[in-house]
Amino acid sequence: MTDSKARVIFCDFDGTITVNDNIVAIIRHFNPEGWKAIVDDIVAQRKTIREGVGELFRLLPTSMQKEVIEYAIGNAVIREGFAELLRFCQYESIDFYVTSGGIDFFVYPLLERFGIPRDHIYCNASDFSGERIEITWPHPCDEHCANDCGMCKTTIMRRFPADRYERILIGDSVTDFEGAKQADVVFARSHLIDKCKELGVPYIPYESFYDVIDALEERTAASI
Ligand SMILES: [Mg+2]
Ligand SMILES: [Zn+2]
């Protein structure tokens, strides 16, 4: 029975919690030579996310640390209804995890005011000690994933077995798709919708987090 399982949300960050993709915004803004070819390679899957994102940030010198961080934080806009969704989850005892392919120096500061515990936020890390910005990867793929994700969302999800948890995914892009295939409930927008349609994965569309709250309320009501 669904209602005997603990509910857990895995929520993407870039393009989901924030309106836009922060990595692309940072690179586009500082416009270092060579970034477009790397993005093309990522999109065409000639480079994995980990390789490509690592190369993109290596284009930026660490002397720009302050500007890069200030730009990333100042540029991001949080999607409507996020604080309300967190409150809803608390009230409904839904465990809420951020599973982000973003980087610590903008993910943590942008989430700070929402009071999500640190151990519920998964993202990549950064090292500004050398000459160039180096991304470090504290949450790599386990033996079941060969995608070289960088921050592996499905590895995190596998720690919540389907027989004990109802796993709810919220995302916006192709990088959420492997998780969407595993999840019991998928909230999708943008490219994730196209991918779910293409491969027949059921999803609930959303634009704001109020849509997510409404749909979760309906599901709760239907299961009583
Ligand atoms: Mg995203
Ligand atoms: Zn992976």
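Following this note's numbering, the numbering of the sequence shown begins with 223 at its first residue and continues without gaps.
For each residue, glycine too, the CB sits at the ideal point set by N, CA and C.
Burial of L282 is indicated by the presence of at least 16 other C-beta atoms within 10 angstroms of its C-beta. Under the three-state reduction of DSSP output, G323 falls in the strand class. C345 sits in a strand when the DSSP states are folded into three classes. Counting the other Cβ atoms within 10 Å of the Cβ of Y428 gives 16 or more, which makes it buried. Ranked by how close their Cα comes to the Cα of I231, the residues R380, W359, I249 and G422 have R380 in first place.
The alpha-carbon of N253 is positioned some 51 angstroms away from that of S445. By the rule of a C-beta closer than 5 angstroms to any heavy atom of ligand 2, the residues picked out are C363, C367, N369, C371 and C374. The Cβ atoms of A305 and F328 lie no closer than 7 angstroms to each other. CA-to-CA, the gap between E356 and D234 works out to about 22 angstroms. For I264 against G372, the beta-carbon gap comes to about 11 angstroms, at or over 8 angstroms, which does not count as contact. Residue side-chain check: S395 places its Cβ nearer than 6 angstroms to a non-hydrogen atom of ligand 1. Counting the other Cβ atoms within 10 Å of the Cβ of H366 gives fewer than 16, which makes it exposed. Where E400 is concerned, the enclosing alpha helix (DSSP H) starts and stops at F399 to Q404.
The stretch 421 to 435 and the stretch 302 to 319 touch, with three or more beta-carbon pairs separated by less than 8 angstroms. The three-state reading of DSSP puts P331 in helix, counting H, G and I together. For T358, the secondary structure class from DSSP, reduced to helix, strand or coil, is strand. Remark: the shortest separation between the CB of T238 and any heavy atom of ligand 1 falls under 6 angstroms. Under a 10 Å Cβ-count criterion, D341 is classified as exposed, with fewer than 16 other Cβ atoms of the shown protein chains found around its own Cβ. For R229, the enclosing beta strand (DSSP E) begins and ends at A228 to C233. The C-beta separation of E302 from F431 comes to about 7 angstroms, placing the pair in contact by the 8 angstroms criterion.
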